[in-house]
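Engineer: Here the sequence shown is numbered in this note's numbering, starting from 1033 and rising by one per residue.
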Amino acid sequence: MSRTDYYHVEDGEWIVVTKRKHKSQCCDCGLVHVLNFRVNEHGQIEVQSARDARATAAVRRAFKFEKD
């Protein structure tokens, strides 16, 4: 299995995301979510989010957490 690289978004930056299975990673803790988007019958954007435990574990292996 190959390692996935994540694009680093700057604060306030607009990005185009995939409609299904978009993965988002927290810069601070490495938590990864899979996001799905859709437009409902009223024209509103709906977002579905779920944690991806496997991807989170893979990312966190490379993290160097500091003790408080």
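The C-beta atom is built at its ideal place from N, Cα and C for all residues, glycine as well. As the structure is a computational prediction, the values presented were derived from the model and not from experiment.
1) Does the beta-carbon of Val1091 have 16 or more other beta-carbons within 10 angstroms, so that it is buried, or is it exposed?
2) Where Arg1086 and Gln1057 are concerned, what is the direct C-alpha to C-alpha distance, given to the nearest angstrom?
3) For Arg1070, which option in Tyr1039, His1054, Asp1084, Asp1037 has the closest C-alpha, if you only look at C-alpha atoms?
4) Give the DSSP-derived three-state secondary structure of Val1091 in the structure shown.
5) What residues in its chain sit with their C-beta under 7 Å from that of Gly1062, if we drop five residues either side in the sequence?
Structural biologist: The structure says:
1) Taking a 10 Å sphere around the C-beta of Val1091, we find 16 or more other C-beta atoms and assign the residue as buried.
2) Rounded to whole angstroms, Arg1086 to Gln1057 spans 12 Å at the Cα level.
3) The shortest C-alpha separation from Arg1070 is found at His1054.
4) Three-state result, Val1091: helix.
5) Scanning its chain for C-beta atoms nearer than 7 Å, with the 5 sequence neighbours on each side dropped, one finds around Gly1062 the residues Thr1088, Val1091, Arg1092, Phe1095, in chain order.
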